[in-house]
Amino acid sequence: AQQIPDILSPEFATDPYPAYRIMREHAPLIWHEATQSYIVSRYEDVEYVFKDRHGEFTTENYDWQIEPVHGKTILQLSGREHAVRRALVAPAFRGSDLQEKFLPVIEGNSRELIDAFRHTGSADLVADYATRFPVNVIADMLGLDKADHDRFHGWYTSVIAFLGNLAGDPEVAAAGERTRVEFAEYMFPIIRERRENLGDDLLSTLCAAEVDGVRMSDEDIKSFCSLLLAAGGETTDKAIGGIFANLLTHPEQLEAVRRDRGLIDRAFAETLRYTPPVHMIMRQSATEVTLSGGTIPAGATVTCLIGAANRDGSRYRDPDRFDIFRDDLNTTTAFSAAADHLAFALGRHFCVGALLARAEVEVGVNQLLDALPGLRPADGFDPAEQGVFTRGPRSLPVRFTPSAA
Ligand code: HEM
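So, in structure tokens, the structure goes:
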């Protein structure tokens, strides 16, 4: 039997893909002592858990996974409670609200970051751009103070570290809980003020909303904002790092995208399949469930390896190849709940921000390619991803021909 690197080992964090392959082929259902969970890695099993057609899974795991940092969010809710709250924010992330109201916010934030380095001829696309852009956008959509962009960035970094703290490091846990307190102290006065002066932003929508005739509490609104900042920031940050890492290491595909911007969607969809920002999502089994890899008892935590499922050879041909032209990935449905890759999950909790992420990536890639002619890897370029729960390149040093804003 082949040795499977543990998901908490440094070897796995450096390159999980060989381990994913062994799991899919030889150990599709593993009991993992350290996380007290069953790990599933095959496409058909992860898809089955996410779709949950028979009501066999809950998201109770989020009670301990995110509640200590965010409070109660829609990820912990189900049924009508979940649907009603999700419907409050969903319109902002699609259709005319996204296109007319928020597209200028996306374009403005991207341009501001690019203008700070375009004249220099070099940049780190992760530190100078990707880690800043999406969180700034969601903060502006909420109507929070632009002067506090750095604080939001700091907070979401600590929230995500908490989520990824599978090994249970007490310092990371304590930092996450401190963040919840600090964020609440920051948000409560703003929420009270906004209730008195409603505006055209997403925070005002939440403040004005009634759920079954009752206004949402300050605590509920604060938790919602906390989730939106982290979910909208960290993931799209990794996605932008990912798409540039993939394109810069496949220069002919970068050239194709540069020439035909209609290919950005394809490049993003393939990035979500090949290097998904979120590698793991957990669920709780409500009943005993039999998957292709074996049977899970009722009341168990299930760790779904999105990163493994998206490279399942029984679903995608030559799965370890990054190919924006592949014909076995549906790029038309890639940002909807009918997606065939699993990067946004599927079913009830399918990412509500998928179209926002797509708009950000489209604007970001277009503006960066326009502003940075001759974009190429710089010395020290290392596209290797970091992380276990969420993954993305740590830095992407690039060079280009300087240009004035
Ligand atoms: C849910 C990934 C961008 C907000 C999810 C889930 C995944 C995911 C995997 C499902 C969690 C689960 O089922 O347990 C991603 C990726 C993104 C992205 C890969 C970028 C490429 C965004 C953006 C926002 C957002 C821009 C906007 C604020 C949310 C929210 C949920 C969610 C609020 C919870 C939905 C629910 O419980 O109904 N996302 N996300 N995400 N995402 Fe995203």
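Letter by letter, the sequence shown follows residues 4 to 408 in UniProt numbering. Cβ coordinates follow ideal geometry from the N, Cα and C atoms, glycine included.
Backbone secondary structure at residue i - three-state DSSP
{"i": "A408", "result": "coil"}
{"i": "M285", "result": "strand"}
{"i": "Y132", "result": "helix"}
{"i": "F247", "result": "helix"}
{"i": "L266", "result": "helix"}
{"i": "S125", "result": "strand"}
{"i": "I299", "result": "strand"}
{"i": "R379", "result": "strand"}
{"i": "H253", "result": "coil"}
{"i": "G395", "result": "strand"}
{"i": "S220", "result": "coil"}
{"i": "R181", "result": "helix"}
{"i": "V355", "result": "coil"}
{"i": "Y319", "result": "coil"}
{"i": "residue 1", "result": "There is simply no residue 1 to check, as the chain begins at 4 and stops at 408 in what is shown."}
{"i": "R114", "result": "helix"}
Any non-hydrogen atom of ligand 1 closer than 7 Å to residue i Cβ
{"i": "T278", "result": "no"}
{"i": "N235", "result": "Position check: residue 235 holds Gly in this sequence, whereas Asn was assumed. G235: yes, Cβ under 7 Å from ligand 1."}
{"i": "I69", "result": "no"}
{"i": "R198", "result": "no"}
{"i": "A346", "result": "yes"}
{"i": "C354", "result": "yes"}
{"i": "P192", "result": "no"}
{"i": "V281", "result": "yes"}
{"i": "I109", "result": "no"}
{"i": "I267", "result": "no"}
{"i": "I141", "result": "yes"}
{"i": "L257", "result": "no"}
{"i": "A211", "result": "no"}
{"i": "F96", "result": "yes"}
{"i": "T134", "result": "no"}
{"i": "L169", "result": "no"}
{"i": "A360", "result": "yes"}
{"i": "R181", "result": "no"}
{"i": "I163", "result": "no"}
{"i": "A242", "result": "yes"}
{"i": "R114", "result": "no"}
{"i": "I42", "result": "no"}
{"i": "residue 409", "result": "This structure gives no information on residue 409, because the portion of the chain shown stretches from 4 to 408."}
{"i": "H85", "result": "yes"}
{"i": "T61", "result": "no"}
{"i": "P137", "result": "yes"}
Reference residue i; option with closest CA among the options
{"i": "L375", "options": "A93, A30, G124 and S81", "result": "G124"}
{"i": "N168", "options": "A259, I193 and I69", "result": "I69"}
{"i": "R394", "options": "G297, Q6, A126 and Y20", "result": "Y20"}
{"i": "S81", "options": "G367, I141 and N64", "result": "N64"}
{"i": "V92", "options": "W158, L358 and G111", "result": "L358"}
{"i": "E378", "options": "I42, A177, F347 and A248", "result": "Reading off the sequence shown, one finds Leu at residue 378, where the question assumed Glu. Checking every option, the nearest Cα to that of L378 belongs to A248."}
{"i": "R361", "options": "L275, E291 and Q39", "result": "L275"}
{"i": "E388", "options": "D321, T252 and T290", "result": "T252"}
{"i": "Y159", "options": "S406, I7, V175 and G171", "result": "V175"}
{"i": "Q6", "options": "T334, L78, M26 and R397", "result": "M26"}
{"i": "residue 409", "options": "A30, I299, M283 and G74", "result": "For the chain, the structure presents residues 4 to 408; residue 409 sits outside this window and is missing."}
{"i": "A178", "options": "F328, P71 and F120", "result": "P71"}
{"i": "T127", "options": "T404, P405, V391 and P380", "result": "In the sequence as displayed, the identity of residue 127 is Asp instead of Thr. Nearest option by C-alpha distance: P380."}
{"i": "E273", "options": "M285, L257, I117 and T304", "result": "L257"}
{"i": "R198", "options": "E180, A187 and S220", "result": "S220"}
{"i": "R181", "options": "D204, H35, G157 and A170", "result": "G157"}
{"i": "L28", "options": "G296, G58, D66 and M144", "result": "One detail in the question is off: residue 28 reads as Glu in this sequence, not Leu. Of G296, G58, D66 and M144, the residue nearest in Cα terms is G296."}
{"i": "C210", "options": "L145, E59 and H152", "result": "L145"}
{"i": "R329", "options": "V292, R402, A301 and Y277", "result": "Y277"}
{"i": "P31", "options": "F347, F15, D48 and F96", "result": "D48"}
{"i": "G383", "options": "L345, Y41, S398 and V355", "result": "S398"}
{"i": "L345", "options": "A242, Q39, P13 and F53", "result": "F53"}
Burial state of residue i (16 or more Cβ within 10 Å)
{"i": "H352", "result": "buried"}
{"i": "S288", "result": "buried"}
{"i": "P386", "result": "buried"}
{"i": "T336", "result": "exposed"}
{"i": "L201", "result": "exposed"}
{"i": "D315", "result": "buried"}
{"i": "P173", "result": "exposed"}
{"i": "P254", "result": "exposed"}
{"i": "G367", "result": "buried"}
{"i": "T298", "result": "exposed"}
{"i": "K149", "result": "exposed"}
{"i": "H57", "result": "exposed"}
{"i": "T17", "result": "exposed"}
Residue i beta carbon near ligand 2 (any heavy atom closer than 7 Å)
{"i": "L332", "result": "Although ligand 2 was asked about, the structure shown includes only ligand 1 as ligands."}
Practice item. Taking 8 Å as the threshold, find out whether the region 189-205 comes into contact with the region 161-176 through three or more Cβ pairs. Key: These segments do not touch.
- prompt: Taking one C-beta from the region 99-117 and one from the region 224-235 each time, how about it: are there three or more such pairs within less than 8 Å?
  reply: Touching, no.
### Query
Can we say the region 109-119 touches the region 210-219, given the rule of at least three CB pairs closer than 8 Å?
no
If you pair each beta-carbon of the region 277-286 with each one of the region 303-313, do three or more pairs fall below 8 Å?
Counting C-beta pairs closer than 8 Å gives three or more between the region 277-286 and the region 303-313, which meets the contact rule.
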